[in-house]
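Shown next, in structure tokens, is the structure this report addresses.
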Amino acid sequence: MADVTEGAQAPDFELETAEGPVRLSDFAGKTLVLYFYPKDDTPGCTREAQDFSALAPEFAAAGATVIGVSKDSVKKHQSFAKKYDLAVRLGADPEGAVIERYGSWVEKSLYGRQYMGIDRSTFLIRDGVIRKIWRKVKVPGHAQQVLDAAKAL
254 MADVTEGAQA PDFELETAEG PVRLSDFAGK TLVLYFYPKD DTPGCTREAQ
304 DFSALAPEFA AAGATVIGVS KDSVKKHQSF AKKYDLAVRL GADPEGAVIE
354 RYGSWVEKSL YGRQYMGIDR STFLIRDGVI RKIWRKVKVP GHAQQVLDAA
404 KAL
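So the sequence shown is numbered by this note's numbering: it starts at 254 and just counts up by one.
And the structure:
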């Protein structure tokens, strides 16, 4: 796994989205917010996508693009985005390769049972370098924290 720390080069990626493929190189000289979440249309993930969507105009004004990533398919992302009128792009990573590259495929525990799953995490990337990382994200207020950090770059 790549060195995924603040100040390190962001791991390269290519993801399918409803708008076509997106890759790290598309954001050369720009700011990218890449956030990983467990599953479309679940309460926390829906709230997070809605929060980022509500702030989409401010992210755009700050020159930042927001992309949410899960293992869900592009088709599932499209119905999720339509259902909640989301304003953020959603990247499909069904094999989990990008999720793993960013160190967001982790062992989790629920009711004492261990399993592998997606760590709700966010990466603020500028010029291909990771500027800030949030791990084990708590949804309330998170999108605003990320926006504030993006504006401060």
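Backbone N, C-alpha and C define an ideal beta-carbon position, used for all residues, glycine too.
If you draw a straight line from the Cα of P274 to the Cα of T318, it comes to about 14 Å. Collapsing the DSSP output to three states places F289 in a strand.
In the same chain as F266, and ignoring 5 residues on each side of it, the C-beta atoms closer than 7 Å to its own belong to R276, L277, V351, R354, in chain order. For S306, the enclosing alpha helix (DSSP H) stretches over residues 296 to 307.
Nearest in C-alpha terms to A263, of all of G344, E269, V382, is V382. For V257, there is no enclosing alpha helix (DSSP H), as DSSP marks it with neither H nor E. The beta strand (DSSP E) runs of length 3 or more contained entirely in the stretch 337 to 406 are, from start to end of the chain, 342 to 345, 358 to 363, 366 to 371, 374 to 379, 382 to 387. Residue burial is scored here from C-beta neighbours: R342 has at least 16 other C-beta atoms within 10 angstroms and is therefore classed as buried.
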